[in-house]
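> Just so you know, my numbering puts the end of the sequence shown at 223, numbered straight through with nothing missing.
We put the beta carbon where it would ideally sit given N, CA and C, even for glycine.
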Amino acid sequence: MQTTTSLQNVANEKGEFILPKLEYAFDALEPYIDAQTVEIHYAKHHQTYITNLNNALKGHDNLIKLSVEELLTDLSKIPADIVNLVKNHGGGHANHSLYWSVMAASGKNGNISKDLQAGLDKFFGGLDSFKDQLAKSTISVFGSGWGWLSVNNKGELIIETSLNQDSPLSKGNIPLFVIDVWEHAYYLKYQNRRAEYVQNIFSNTNWEMISLRYEQALNKLKG
Ligand SMILES: [Fe+2]
1 MQTTTSLQNV ANEKGEFILP KLEYAFDALE PYIDAQTVEI HYAKHHQTYI TNLNNALKGH
61 DNLIKLSVEE LLTDLSKIPA DIVNLVKNHG GGHANHSLYW SVMAASGKNG NISKDLQAGL
121 DKFFGGLDSF KDQLAKSTIS VFGSGWGWLS VNNKGELIIE TSLNQDSPLS KGNIPLFVID
181 VWEHAYYLKY QNRRAEYVQN IFSNTNWEMI SLRYEQALNK LKG
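#1: Pick helix, strand or coil for residue 72, following the three-state DSSP scheme.
#2: So, residue 159 versus residue 220, is the Cβ gap smaller than 8 Å?
#3: Between the beta-carbon of residue 19 and the beta-carbon of residue 46, is there less than 8 Å?
#4: What alpha helix (DSSP H) runs, 4 residues minimum, are completely inside the stretch 31-116?
#5: What are the start and end residues of the alpha helix (DSSP H) that includes residue 139?
#6: Relative to the C-alpha of residue 80, which candidate in 60, 70, 97, 69 has its C-alpha closest?
#7: Does the stretch 127-147 come close enough to the stretch 35-50 that 3 or more CB-CB pairs lie under 8 Å?
#8: Counting only the same chain and skipping the five closest in sequence on each side, list residues whose C-beta sits under 8 Å from that of residue 9.
#9: Near residue 90, which residues of its chain fall below 6 Å by C-beta distance, leaving aside the five closest residues on each side in sequence?
#10: Start and end of the beta strand (DSSP E) containing residue 178?
#11: At a cut-off of 7 Å, would you count residue 182 as near ligand 1, judging by its Cβ distance to the nearest heavy atom?
#12: Mapping the DSSP letters down to three states, classify residue 183 as helix, strand or coil.
#13: Taking 8 Å as the threshold (C-beta atoms), are residue 115 and residue 215 in contact?
#14: Note down the Cα distance separating residue 129 from residue 78, rounded to an integer number of angstroms.
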């Protein structure tokens with residue numbers, strides 16, 4: 001089963017991916033992200049990606065054994081007739097699972113580890129500069145997509161963006177933090193004010209989880 005700290009999101013004993021447990025109430029991200037948005041985003045949008053992924057993988061027992069992260073890491077292993085379904089819906093499942101896990105109830109952001117702070121200093125010139133750079137990149141995504149803090153295969157922290165449900169994993173990077181800029185993530189409260197939503201995300205950033213993921217990612221690269 002998936003744990004919230006794992007880099008691997010695996011199917012259950014029935015061979016189906018399921019919604020990861022939300023570690024906070026739907027209204028816990030208020031006032032920055034409203035309860036209705038969280039509920040619809042989680043229970044409807046995220047669930048639909050999972051349902052479609054499970055349907056695509058039916059009969060592919062060898063693939064169901066892999067975590068969704070492994071499926072996305074090497075899309076060349078996926079048969080041509082379902083590769084786009086796996087990329088889009090597997091990406092939708094993995095990306096949203098990460099999004100929920102790196103958010104925290106308002107006021108419960110936790111602490112940045114010394115190692116992550118050192119990384120943010122080294123690669124972005126400090127926390128505030130990192131936030132500015134990630135926000136700027138994410139706000140400028142054209143259409144539906146995502147802004148990411150990732151670790152590349154050299155162990156460097158990078159900011160990247162992706163369109164649709166594309167995952168950094170498919171480019172060989174390990175995502176640590178993500179901002180969803182599909183309109184379904186913010187439209188009820190913010191309408192066209194994407195920039196305001198993105199800047200407010202940092203009020204709900206789970207620094208403890210991101211720090212842990214950084215440590216896990218560096219260990220994985222060493223291992
Ligand atoms: Fe989303």
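A quick look at the data gives this:
#1: On the sequence shown, residue 72 is found 72 positions in, with the first residue counted as 1. DSSP places residue 72 in helix when its eight states are reduced to three.
#2: Against the sequence shown, residue 159 aligns to sequence position 159. Against the sequence shown, residue 220 aligns to sequence position 220. Not a contact, by the Cβ cut-off of 8 Å.
#3: Within the sequence shown, residue 19 is the residue found at index 19, counting from 1. Within the sequence shown, residue 46 is the residue found at index 46, counting from 1. For residue 19 and residue 46, yes; Cβs fall inside 8 Å.
#4: 35-40, 47-57, 61-64, 68-73, 91-101
#5: For this step, residue 139 is matched to residue 139 along the sequence shown. Its alpha helix (DSSP H) spans residues 127-139.
#6: If you number the sequence shown from 1, residue 80 lands on position 80. Cα-wise, what sits closest to residue 80 is 60.
#7: no
#8: Here residue 9 refers to the residue found at position 9 when the sequence shown is read from its first residue. So the qualifying residues of the chain are 2, 17, 20, 67, 68, 69, 93, 94, 97.
#9: Here the question's residue 90 lines up with position 90 in the sequence shown. Answer for residue 90: 53, 68, 71, 72, listed in chain order.
#10: Start at 1 with the first residue of the sequence shown, and residue 178 comes out as number 178. Residue 178 -> beta strand (DSSP E) spans 174-180.
#11: Locating residue 182 in the sequence shown gives position 182, counting from the first residue. Residue 182 Cβ: within cutoff of ligand 1.
#12: Taking the first residue of the sequence shown as position 1, residue 183 is located at position 183. Residue state, collapsed to three classes: helix.
#13: Mapped onto the sequence shown, residue 215 falls at position 215. Mapped onto the sequence shown, residue 115 falls at position 115. Yes, these two residues count as a Cβ contact at 8 Å.
#14: Along the sequence shown, read from residue 1 onward, the residue named residue 129 stands at position 129. Along the sequence shown, read from residue 1 onward, the residue named residue 78 stands at position 78. Between residue 129 and residue 78, the C-alpha separation is close to 39 Å.
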